[in-house]
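Protein chains in written order, with our numbering: chain A, 10 to 475; chain B, 136 to 228.
Ideal placement from N, C-alpha and C gives every residue a C-beta, glycine not left out.
From a predicted model like this one, the values you see are computed outputs, not experimental measurements.
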């Protein structure tokens, strides 16, 4: 028997591939080593694919070559030509493709192999349901992030009930798929198979459509975890260790991220997925409740910034919307030339996906050691001369600390209100996600800089240059 | 068969624990690249896809397997390239 084609050789190579994934993931944990970690992980993937291709289970190469070539073409061009600002939706889309691939592997095994045991059938059931949810859920996330779909919560009456019923019915189809018991005359397990796939796709839609923009980071991290679990389930379908290990690693890392996102909002996962925040008031902020709103214009803001020794920028989704990150970086550099210390405070759930703001600012050439977490900046907030809040709202809302009646009470925030002066860049007084009042706007030390964030920041940059 | 199953479950459980340990201390700056890099790893399902597509399992298996190869390849190639591009931007001055 040829060594390269032997099963033991393939399995040993899969173990090496698993080790490369583990090393790679470990190195992804620090900015200095992350890029190398990604390379190590990709070499593990290359090894796994190469070993599979020479393995004797594969007897014809025409079809898979077509799939591989088209996939490389599409994947490489999408990854190379997409704008950095569209990164979040692309990551969501790729995630969905991982899910559908696992679903298809499960389906191919189901339709191909003659007799399947209980364990294989159960694993196939899991790839179908997890892969299906991952696929349709990620497509919705893609649609919301790329603004093809509206970013708000899409709900209808009785949505939760419909979801529960569909889930139970999907489980019944799954049970039929696995045990093949007699239901009604002429009902073929194949029907259950097809309906299970359709219902899985619907479940994915029903879970993600009601998620509002501000909760997107949680659901994206969760879908990331699911794509790993789907791959793991596919590993049980074909009895392959490397799929199980790699899938489990991704599943675990996605769950950890999900947990971090939930903690950052002081909410449970169940609350994010099933309970939408009930808004205390809708529409505009009531000025009487939040105190006097004090607008400021660009030239006055410039005078204050010019005298500042320490500036903290707090970006939110609004910065992404107005594409202000390059102007922000330019302003930061001018402030530094002026002898001012500039840092960026980034809340874990700022933006629409985990780490969204960090990627935008890194793209704009902001050094990553200036990107800080709330726990780093809050203790020294009293020494900050000016806090510039750009399109962030809930993550700086003092109600989270002070008002027990607020829906976001208990959420860890960036305590911008404790800095000496707060500039809030905002289009208008319309409230943020869920229509929660933000008393920060009416605080004594707050100044509202109304208008498009990019224009306002560019105005400040122009003032510094003149 | 049953022994193999127990062994695979054993591997699964250990790998999950390992995953929790590996990721626990990732700074939030790297959350997006971590997700996208992990997502590329989940494209490992390409191994199953290649086997389905290339083995002699009948017409449907070949068609579905080839579609799986296509999607998994996008996931793998696109995922690693995008992660690499993103990480290239994280610079320290």
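Burial state of residue i, where buried means 16 or more other Cβ atoms lie within 10 Å
{"i": "residue 92 of chain A", "result": "exposed"}
{"i": "residue 221 of chain B", "result": "buried"}
{"i": "residue 381 of chain A", "result": "buried"}
{"i": "residue 323 of chain A", "result": "buried"}
{"i": "residue 159 of chain A", "result": "exposed"}
{"i": "residue 160 of chain B", "result": "exposed"}
{"i": "residue 288 of chain A", "result": "Annotation note: pLDDT 39 at residue 288 of chain A (below 50); position unreliable, coordinate value reported separately. Exposed, by the Cβ-count rule."}
{"i": "residue 98 of chain A", "result": "buried"}
{"i": "residue 253 of chain A", "result": "buried"}
{"i": "residue 215 of chain B", "result": "buried"}
{"i": "residue 292 of chain A", "result": "With a pLDDT of 40 at residue 292 of chain A, under the threshold of 50, the predicted position of this residue should be treated as unreliable, though the coordinate-derived value follows. With fewer than 16 Cβ atoms within 10 Å of its Cβ, residue 292 of chain A is classed as exposed."}
Cβ of residue i within 8 angstroms of any chain A Cβ
{"i": "residue 141 of chain B", "result": "no"}
{"i": "residue 138 of chain B", "result": "no"}
{"i": "residue 210 of chain B", "result": "yes"}
Residue-level contact to chain B via CB, residue i, 8 angstroms cutoff
{"i": "residue 334 of chain A", "result": "no"}
{"i": "residue 262 of chain A", "result": "yes"}
{"i": "residue 378 of chain A", "result": "yes"}
{"i": "residue 291 of chain A", "result": "Because the pLDDT of residue 291 of chain A is 38, which lies under 50, any placement of that residue in the model is unreliable, and the question is left without a value."}
{"i": "residue 107 of chain A", "result": "yes"}
{"i": "residue 153 of chain A", "result": "no"}
{"i": "residue 141 of chain A", "result": "no"}
{"i": "residue 66 of chain A", "result": "yes"}
{"i": "residue 400 of chain A", "result": "no"}
{"i": "residue 59 of chain A", "result": "no"}
{"i": "residue 363 of chain A", "result": "yes"}
{"i": "residue 246 of chain A", "result": "yes"}
{"i": "residue 354 of chain A", "result": "no"}
{"i": "residue 70 of chain A", "result": "yes"}
{"i": "residue 249 of chain A", "result": "yes"}
{"i": "residue 337 of chain A", "result": "no"}
{"i": "residue 89 of chain A", "result": "yes"}
{"i": "residue 420 of chain A", "result": "no"}
{"i": "residue 103 of chain A", "result": "yes"}
{"i": "residue 274 of chain A", "result": "no"}
{"i": "residue 8 of chain A", "result": "Not covered by the structure: residue 8 of chain A. The range shown for chain A is 10 to 475."}
{"i": "residue 117 of chain A", "result": "yes"}
{"i": "residue 128 of chain A", "result": "yes"}
{"i": "residue 345 of chain A", "result": "no"}
Secondary structure of residue i, DSSP reduced to three states
{"i": "residue 188 of chain A", "result": "helix"}
{"i": "residue 427 of chain A", "result": "helix"}
{"i": "residue 353 of chain A", "result": "strand"}
{"i": "residue 198 of chain A", "result": "helix"}
{"i": "residue 67 of chain A", "result": "coil"}
{"i": "residue 153 of chain A", "result": "helix"}
{"i": "residue 177 of chain A", "result": "helix"}
{"i": "residue 293 of chain A", "result": "Caution is warranted here: a pLDDT of 43 is assigned to residue 293 of chain A, below 50, making its placement in the model unreliable, and the coordinate value is therefore given only provisionally. Note: residue 293 of chain A maps to strand in three-state DSSP."}
{"i": "residue 468 of chain A", "result": "helix"}
{"i": "residue 303 of chain A", "result": "coil"}
{"i": "residue 358 of chain A", "result": "coil"}
{"i": "residue 138 of chain A", "result": "helix"}
{"i": "residue 381 of chain A", "result": "strand"}
{"i": "residue 338 of chain A", "result": "helix"}
{"i": "residue 161 of chain B", "result": "coil"}
{"i": "residue 207 of chain A", "result": "helix"}
{"i": "residue 435 of chain A", "result": "strand"}
{"i": "residue 168 of chain B", "result": "helix"}
{"i": "residue 276 of chain A", "result": "coil"}
{"i": "residue 458 of chain A", "result": "strand"}
{"i": "residue 407 of chain A", "result": "coil"}
{"i": "residue 448 of chain A", "result": "helix"}
{"i": "residue 176 of chain B", "result": "helix"}
Neighbourhood of residue i by C-beta distance below 8 angstroms, restricted to the same chain and skipping five residues each side
{"i": "residue 304 of chain A", "result": "456, 457, 458 and 459"}
{"i": "residue 347 of chain A", "result": "315 and 473"}
{"i": "residue 23 of chain A", "result": "57, 60, 249, 250 and 251"}
{"i": "residue 400 of chain A", "result": "324, 325, 326, 327, 328, 329, 330, 331, 333, 434, 435 and 462"}
Close beta carbons around residue i, own chain, < 6 angstroms, minus the five adjacent residues each side
{"i": "residue 341 of chain A", "result": "351"}
{"i": "residue 227 of chain B", "result": "none"}
{"i": "residue 153 of chain A", "result": "160"}
{"i": "residue 297 of chain A", "result": "With a pLDDT of only 48 at residue 297 of chain A, under 50, the local geometry of the prediction cannot be trusted, and no value is derived from it."}
7 angstroms Cβ shell around residue i - same chain, five flanking residues per side excluded
{"i": "residue 335 of chain A", "result": "373"}
{"i": "residue 145 of chain B", "result": "none"}
{"i": "residue 36 of chain A", "result": "42, 43, 45, 46 and 49"}
{"i": "residue 339 of chain A", "result": "470"}
Check: In the stretch 168-190 of chain B, which residues sit with their C-beta less than 8 angstroms from some C-beta in chain A, listed in chain order?
Finding: 168, 169, 170, 171, 172, 173, 174, 175, 176, 177, 178, 179, 180, 181, 182, 183, 184, 185, 186, 187, 188, 189 and 190
Q. For the stretch 314-330 of chain A, which residues have a CB atom closer than 7 angstroms to at least one CB atom of chain B, in sequence order?
A. none
Residues of the stretch 22-45 of chain A whose Cβ lies closer than 7 angstroms to any Cβ of chain B, in chain order: 30, 31, 34, 35, 37, 38, 40, 43 and 44
*asked:* Can you pull out the residues from the stretch 444-473 of chain A whose beta carbon lies closer than 7 angstroms to at least one beta carbon of chain B?
replied: none
* Residues in the stretch 192-205 of chain A with C-beta within 7 angstroms of chain B's C-beta atoms, listed in sequence order? -> none
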